[in-house]
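Participant: Below is the structure I would like to discuss, written out as structure tokens.
2 protein chains.
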Amino acid sequence: MGGGMARVLASRDGVKITGAISRTTMVGEDLGEGLGLKPLGVTVSNDAGATLAEARPDLTVIATSSFISDVAEQIYAAVDFGSNVISIAEEMAYPAASSPEVAGEMDRRAKERGVSILGTGINPGFILDALIIALTGACTEVKSIRAERVNDLSPFGPTVMRTQGVGTTPEEFEAGLEDGTVVGHVGFNESMHLIASALGWHLDRVEQTRTPIVAGETREGQSITVPAGRVAGCHHSARGYVGGEEVITLEHPQQVNPGAARVETGDYIEISGTPGLSLAIQPEIPGGVGTIALAVNMVAPLVAASPGLKTMADLPLPRALLGNVREMTDQLKDVR
Amino acid sequence: MGGGMARVLASRDGVKITGAISRTTMVGEDLGEGLGLKPLGVTVSNDAGATLAEARPDLTVIATSSFISDVAEQIYAAVDFGSNVISIAEEMAYPAASSPEVAGEMDRRAKERGVSILGTGINPGFILDALIIALTGACTEVKSIRAERVNDLSPFGPTVMRTQGVGTTPEEFEAGLEDGTVVGHVGFNESMHLIASALGWHLDRVEQTRTPIVAGETREGQSITVPAGRVAGCHHSARGYVGGEEVITLEHPQQVNPGAARVETGDYIEISGTPGLSLAIQPEIPGGVGTIALAVNMVAPLVAASPGLKTMADLPLPRALLGNVREMTDQLKDVR
Numbered sequence: 005m006g007g008g009m010a011r012v013l014a015s016r017d018g019v020k021i022t023g024a025i026s027r028t029t030m031v032g033e034d035l036g037e038g039l040g041l042k043p044l045g046v047t048v049s050n051d052a053g054a055t056l057a058e059a060r061p062d063l064t065v066i067a068t069s070s071f072i073s074d075v076a077e078q079i080y081a082a083v084d085f086g087s088n089v090i091s092i093a094e095e096m097a098y099p100a101a102s103s104p105e106v107a108g109e110m111d112r113r114a115k116e117r118g119v120s121i122l123g124t125g126i127n128p129g130f131i132l133d134a135l136i137i138a139l140t141g142a143c144t145e146v147k148s149i150r151a152e153r154v155n156d157l158s159p160f161g162p163t164v165m166r167t168q169g170v171g172t173t174p175e176e177f178e179a180g181l182e183d184g185t186v187v188g189h190v191g192f193n194e195s196m197h198l199i200a201s202a203l204g205w206h207l208d209r210v211e212q213t214r215t216p217i218v219a220g221e222t223r224e225g226q227s228i229t230v231p232a233g234r235v236a237g238c239h240h241s242a243r244g245y246v247g248g249e250e251v252i253t254l255e256h257p258q259q260v261n262p263g264a265a266r267v268e269t270g271d272y273i274e275i276s277g278t279p280g281l282s283l284a285i286q287p288e289i290p291g292g293v294g295t296i297a298l299a300v301n302m303v304a305p306l307v308a309a310s311p312g313l314k315t316m317a318d319l320p321l322p323r324a325l326l327g328n329v330r331e332m333t334d335q336l337k338d339v340r
Numbered sequence: 005m006g007g008g009m010a011r012v013l014a015s016r017d018g019v020k021i022t023g024a025i026s027r028t029t030m031v032g033e034d035l036g037e038g039l040g041l042k043p044l045g046v047t048v049s050n051d052a053g054a055t056l057a058e059a060r061p062d063l064t065v066i067a068t069s070s071f072i073s074d075v076a077e078q079i080y081a082a083v084d085f086g087s088n089v090i091s092i093a094e095e096m097a098y099p100a101a102s103s104p105e106v107a108g109e110m111d112r113r114a115k116e117r118g119v120s121i122l123g124t125g126i127n128p129g130f131i132l133d134a135l136i137i138a139l140t141g142a143c144t145e146v147k148s149i150r151a152e153r154v155n156d157l158s159p160f161g162p163t164v165m166r167t168q169g170v171g172t173t174p175e176e177f178e179a180g181l182e183d184g185t186v187v188g189h190v191g192f193n194e195s196m197h198l199i200a201s202a203l204g205w206h207l208d209r210v211e212q213t214r215t216p217i218v219a220g221e222t223r224e225g226q227s228i229t230v231p232a233g234r235v236a237g238c239h240h241s242a243r244g245y246v247g248g249e250e251v252i253t254l255e256h257p258q259q260v261n262p263g264a265a266r267v268e269t270g271d272y273i274e275i276s277g278t279p280g281l282s283l284a285i286q287p288e289i290p291g292g293v294g295t296i297a298l299a300v301n302m303v304a305p306l307v308a309a310s311p312g313l314k315t316m317a318d319l320p321l322p323r324a325l326l327g328n329v330r331e332m333t334d335q336l337k338d339v340r
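So the protein lines, in turn, are chains Z and F. In terms of our numbering, the first sequence opens at residue 5 and continues consecutively. In terms of our numbering, the second sequence opens at residue 5 and continues consecutively.
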């Protein structure tokens, strides 16, 4: 993901890449050459502190882990050098959901250094939260929200297969849920609280369920072949309650080759309210390039924002940055 | 439209209606009683200056006309009393498109009085611009955009029928285009420039075409019956060019009872780019309640904003204001 973002950023007017940090991949290589582009004059380093000290970036994009416990120190390192930060860690989409104290500390440290911090991505960060929020803007009343993201895990590698329990028996899947090796989707808690806080709802509780999607036929993926009877994916769903009523339902069945079972992929949002709304994006917005796009495109709105920890609901509309990014940032600063 | 907005605002926590201005309807009546609600203690007046002086609103919603030439003085009157303004005049969605000098003057006067001004609505303001902009946030590249809003004019009254040429012969329709009585959709120029400015595109030109939709069968509307051979509506389309290439195409066929011709209504957005995206909202978001919702829901983001003339691309995501509007405004101020 970091490489994908670097490739897009390198192609943008008004952006200069001043440093690149990696634990192992491409270390010592020129970033551009490592990405198959022309040389960028930036050597990939595994020394984060030295790179930040020399690069002095206006903004740092971090693509390392899903969890705040892993990325908080990486974020602080950039913030302490006066850099704005965009993270694609799922828990960063609404840090207060899992880690209210860390969220407070991030906000405090960002304000102290005059920079801002944002978690974004396709999901959480867009499909199952920001896009839903924006749609409710056309409603005078919202009774309940139901959304579903049906995607295809076929292109992904072994790590994703393991965390979704792909290839296991149904019994192994259940055991994996118990011992934490099968995770499903990370981000429902964040999407729920992002939606609720934006709409002025106070959630009583969020419930989550993960059930195995058992293949009825052979499912071919790029890194795995799932025989019939084995687990092809994880159907993860979440329900958010206000005053005892289920008001937000989010469904995310992720599986290898859903087409084999004649399941069509797509992103779907249904709002019960005034007016009722039914939206479909078919096929689904692809997760990899979608997350890269959001991270890269939120650069201008985030750098233009006031200091502090932000969410997608705090900033101006996301947009593709097709012009000079520096000029677009200045324009957004003018109207902030 | 003003009555619809007042009805929704009267139902919101943290909102107090302090005045109501109307040219003729309900003048002298209690606003609540006039709307069929319980009395609100606000007498509808046709004296705008006296009402503003007494009501001293934080925000004024104006629903009077489509054109800046009609609403500019009404907006200034509110701004001069220190009120923020939301207008549903179509030209106000991006005032610089039709009236760059007035836009500059509005921005200057708003900043002078420390208030902000926004034009919004379902279209322009949301479907064919803000929603498109937000979707491009999930794209790393955008080659072109095609969007279409297919709606049903059946519920509308004689004014809309006249401006869309409904009931005319094809020859009368063409004559109406010539003499300005058939207008079609007001807002394409605004949507085009709103999209382009948000994405960093510089439009060479915008072309518009209006063609009659001739009924092949009888079309029944609430205020009119269109016999076969007469005009059932206006297909208005617009094309925006960058570097000689058509990059934005917006289509808006508006007609009475499209179902009679087996035309399904809906809002559709197609983005050619990386990734390509295809979105459908079926049926279309209804125009009346959708515009009321956006005007009422942008209250919190607008009052929280810095002074000046704003567009939907400058402000945080629209959202339904389901909590206390004053508290939601303060929250948005904190993260601005």
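The beta carbon of each residue, even a glycine, is placed where N, CA and C say it ideally should be. Just so we're clear, the structure is a prediction, and the values are computed from it rather than from any experiment.
Pick from Ala101(Z), Ala97(Z), Pro104(Z) and Glu58(Z): whose alpha carbon is nearest that of Phe85(Z)?
Facilitator: Locating residue 85(Z) in the first sequence gives position 81, counting from the first residue. Comparing Cα-Cα distances from Phe85(Z) to each of Ala101(Z), Ala97(Z), Pro104(Z) and Glu58(Z), the minimum goes to Glu58(Z).
Participant: Is the stretch 132–145 of chain Z close to the stretch 191–208 of chain Z, with three or more CB pairs under 8 Å?
Facilitator: yes
Participant: Reducing DSSP to helix, strand and coil, say where Pro320(F) ends up.
Facilitator: As a working note, residue 320(F) is residue 316 in the second sequence. In the structure shown, Pro320(F) sits in a strand (DSSP, three-state: E or B).
Participant: With 7 Å set as the bound, which would you pick, yes or no: does the beta-carbon of Ala317(Z) sit closer than that to a beta-carbon of chain F?
Facilitator: Mapped onto the first sequence, residue 317(Z) falls at position 313. Answer yes: the Cβ-Cβ gap between Ala317(Z) and chain F drops below 7 Å somewhere.
Participant: What does the alpha-carbon distance come out to for the pair Asp74(F) and Ile25(F)?
Facilitator: If you number the second sequence from 1, residue 74(F) lands on position 70. If you number the second sequence from 1, residue 25(F) lands on position 21. Cα-Cα distance, rounded: 16 Å.
Participant: So, at 8 Å on beta carbons, what are the nonlocal neighbours of Gly23(F) in its own chain, with the 5 sequence-adjacent residues on each side left out?
Facilitator: For the purposes of this step, residue 23(F) is taken as the residue at position 19 of the second sequence. Result list for Gly23(F): Val46, Ser49, Thr55, Leu56, Glu58, Ala59 and Pro61, in chain order.
Participant: Are the CB atoms of Ala232(Z) and Val260(Z) nearer to each other than 7 Å?
Facilitator: Residue numbering aside, residue 232(Z) sits at position 228 when the first sequence is read from its first letter. Residue numbering aside, residue 260(Z) sits at position 256 when the first sequence is read from its first letter. Contact flag unset, no.
Participant: Classify Ile149(Z) as helix, strand or coil using the three-state DSSP reduction.
Facilitator: Here residue 149(Z) refers to the residue found at position 145 of the first sequence. Here Ile149(Z) sits in strand by DSSP.
Participant: Please go through the stretch 58–111 of chain F and give each complete beta strand (DSSP E) segment of 3 or more residues, from N-terminal end onward.
Facilitator: The qualifying runs are 63–66 and 88–91.
Participant: Where are the beta strand (DSSP E) runs, 3 residues long or more, that stay fully inside the stretch 203–257 of chain F, in chain order?
Facilitator: 209–218 and 235–246
Participant: Should Ala142(Z) and Phe130(F) be called a contact, given that it needs their Cβ atoms to be closer than 7 Å?
Facilitator: On the first sequence, residue 142(Z) is found 138 positions in, with the first residue counted as 1. On the second sequence, residue 130(F) is found 126 positions in, with the first residue counted as 1. Cβ distance < 7 Å, so Ala142(Z) and Phe130(F) count as in contact.
Participant: Is there at least one Cβ from chain Z nearer than 7 Å to Thr144(F)'s Cβ?
Facilitator: For this step, residue 144(F) is matched to residue 140 along the second sequence. Interface flag for Thr144(F) against chain Z is set, since a Cβ pair is found closer than 7 Å.
Participant: Taking Ile296(Z) as the query, report the chain F residues whose CB atoms sit under 7 Å from its CB, ordered along the chain.
Facilitator: Against the first sequence, residue 296(Z) aligns to sequence position 292. What Ile296(Z) touches in chain F: Thr144.
Participant: Decide if Pro262(F) is buried, meaning its Cβ has at least 16 other Cβ atoms within 10 Å, or exposed.
Facilitator: Mapped onto the second sequence, residue 262(F) falls at position 258. Buried, by the Cβ-count rule.
Participant: Counting pairs of beta carbons, one from the stretch 143–154 of chain F and one from the stretch 243–256 of chain F, are three or more of them closer than 8 Å?
Facilitator: yes
Participant: Please say whether Val329(Z) and Thr12(Z) have beta carbons closer to each other than 7 Å?
Facilitator: Taking the first residue of the first sequence as 1, we reach residue 12(Z) at position 8. Taking the first residue of the first sequence as 1, we reach residue 329(Z) at position 325. Reading the sequence as shown, one finds Val at residue 12(Z) and not Thr. The answer is no: Cβ separation not under 7 Å.
Participant: So within the stretch 16–66 of chain Z, which uninterrupted alpha helix (DSSP H) runs reach at least 4 residues, ignoring any that extend past its ends?
Facilitator: 35–38 and 52–59
Participant: Straight-line CA distance for Leu176(F) to Ile228(F)?
Facilitator: The count along the second sequence starts at 1 and reaches residue 176(F) at position 172. The count along the second sequence starts at 1 and reaches residue 228(F) at position 224. Correcting the residue identity first, residue 176(F) is Glu in this sequence and not Leu. So the alpha carbons of these two residues sit roughly 17 Å apart.
Participant: Mark His240(F) as exposed unless 16 or more other C-beta atoms lie within 10 angstroms of its C-beta, in which case mark it buried.
Facilitator: As a first step, residue 240(F) is located in the second sequence; it is residue number 236 there, counting from the start. Its Cβ being crowded by 16 or more others within 10 Å, His240(F) is buried.
Participant: So which residues on chain F does Arg150(Z) lean against when the C-beta distance must stay under 7 Å?
Facilitator: Against the first sequence, residue 150(Z) aligns to sequence position 146. Chain F residues near Arg150(Z): none, gap ~15 Å exceeds 7 Å.
Participant: Interface residues of chain F around Ile289(Z) at Cβ under 7 Å?
Facilitator: For this step, residue 289(Z) is matched to residue 285 along the first sequence. Within chain F, the residues near Ile289(Z) are Ala142, Pro279 and Leu281.
Participant: Taking Cβ positions, are Pro287(F) and Gly191(F) nearer each other than 7 Å?
Facilitator: Translated into the one-based positions of the second sequence, residue 287(F) becomes position 283. Translated into the one-based positions of the second sequence, residue 191(F) becomes position 187. No, Cβ-Cβ distance for Pro287(F) and Gly191(F) is not below 7 Å.
Participant: For His189(F), count the other beta carbons within 10 Å of its own beta carbon; 16 or more makes it buried, fewer makes it exposed. Which is it?
Facilitator: Position 185 of the second sequence holds residue 189(F). Classification of His189(F): buried, given that the 10 Å Cβ count is 16 or more.
Participant: Buried or exposed: Arg112(F), going by 16 or more other Cβ atoms within 10 Å of its Cβ?
Facilitator: Stepping through the second sequence from its first residue, residue 112(F) is reached at position 108. Under this definition Arg112(F) is an exposed residue.
Participant: Quick check: the Cα distance between Glu105(Z) and Ile72(Z), rounded to an integer number of angstroms?
Facilitator: Here residue 105(Z) refers to the residue found at position 101 of the first sequence. Here residue 72(Z) refers to the residue found at position 68 of the first sequence. When rounded, the distance between both Cα atoms is 11 Å.
Participant: Is it the case that the Cβ atoms of Ser69(F) and Ala93(F) are separated by a distance below 7 Å?
Facilitator: Within the second sequence, the letter at position 65 stands for residue 69(F). Within the second sequence, the letter at position 89 stands for residue 93(F). Remark: C-beta atoms of Ser69(F) and Ala93(F) approach each other more closely than 7 Å.
Participant: Would you mind stating whether Arg117(Z) and Val83(Z) have Cβ atoms separated by less than 7 Å?
Facilitator: Translated into positions along the first sequence, residue 117(Z) becomes position 113. Translated into positions along the first sequence, residue 83(Z) becomes position 79. Yes, the pair counts as a contact, with Cβ atoms nearer than the cut-off.
Participant: Quick one: does Pro322(Z) have its CB under 7 Å from some CB of chain F?
Facilitator: In the first sequence, residue 322(Z) corresponds to position 318, counting from 1. At least one chain F Cβ lies under 7 Å of Pro322(Z).
Participant: Which one of Gly277(F), Ser91(F), Gly40(F) and Ser87(F) has the shortest CA to CA distance from Gly4(F)?
Facilitator: In the structure displayed, chain F extends from 5 to 340; residue 4(F) sits before or after that span and is not available.
Participant: Is the Cβ-Cβ distance between Ala299(F) and Ile66(F) less than 7 Å?
Facilitator: By 1-based counting over the second sequence, the position of residue 299(F) is 295. By 1-based counting over the second sequence, the position of residue 66(F) is 62. Cβ atoms of Ala299(F) and Ile66(F): not closer than 7 Å.
Participant: Less than 7 Å separating the beta-carbons of Arg234(Z) and Gly171(Z)?
Facilitator: As a working mapping, residue 234(Z) is identified with position 230 in the first sequence. As a working mapping, residue 171(Z) is identified with position 167 in the first sequence. Yes. Within cutoff.
Participant: My assumption, with CB atoms under 8 Å, is that Gly180(F) sits in contact with Gly169(F). Please give the rounded CB distance.
Facilitator: Numbered from its first residue, the second sequence carries residue 180(F) at position 176. Numbered from its first residue, the second sequence carries residue 169(F) at position 165. Sure, about 5 Å apart at Cβ, within 8 Å.
Participant: In the DSSP output, which residue or residues are listed as bridge partners for Ala284(Z)?
Facilitator: Against the first sequence, residue 284(Z) aligns to sequence position 280. Note: Ala284(Z) sits in a beta bridge opposite Tyr272(Z) and Ala284(F).
Participant: Strictly under 7 Å for the Cβ-Cβ distance: is Arg153(Z) near chain F by that measure?
Facilitator: Here residue 153(Z) refers to the residue found at position 149 of the first sequence. With 7 Å as the cut-off, Arg153(Z) does not count as an interface residue toward chain F.
Participant: Bridge partners for Ser120(F) per DSSP, in chain order?
Facilitator: Here residue 120(F) is taken as the residue at index 116 of the second sequence, counted from 1. For Ser120(F), which the question treats as bridged, DSSP gives the partners Gly312(F).
Participant: Kindly indicate which residue of Thr269(F), Asp34(F), Ala14(F) and Pro99(F) has the alpha-carbon position closest to the one of Leu313(F).
Facilitator: Here residue 313(F) refers to the residue found at position 309 of the second sequence. Comparing Cα-Cα distances from Leu313(F) to each of Thr269(F), Asp34(F), Ala14(F) and Pro99(F), the minimum goes to Pro99(F).
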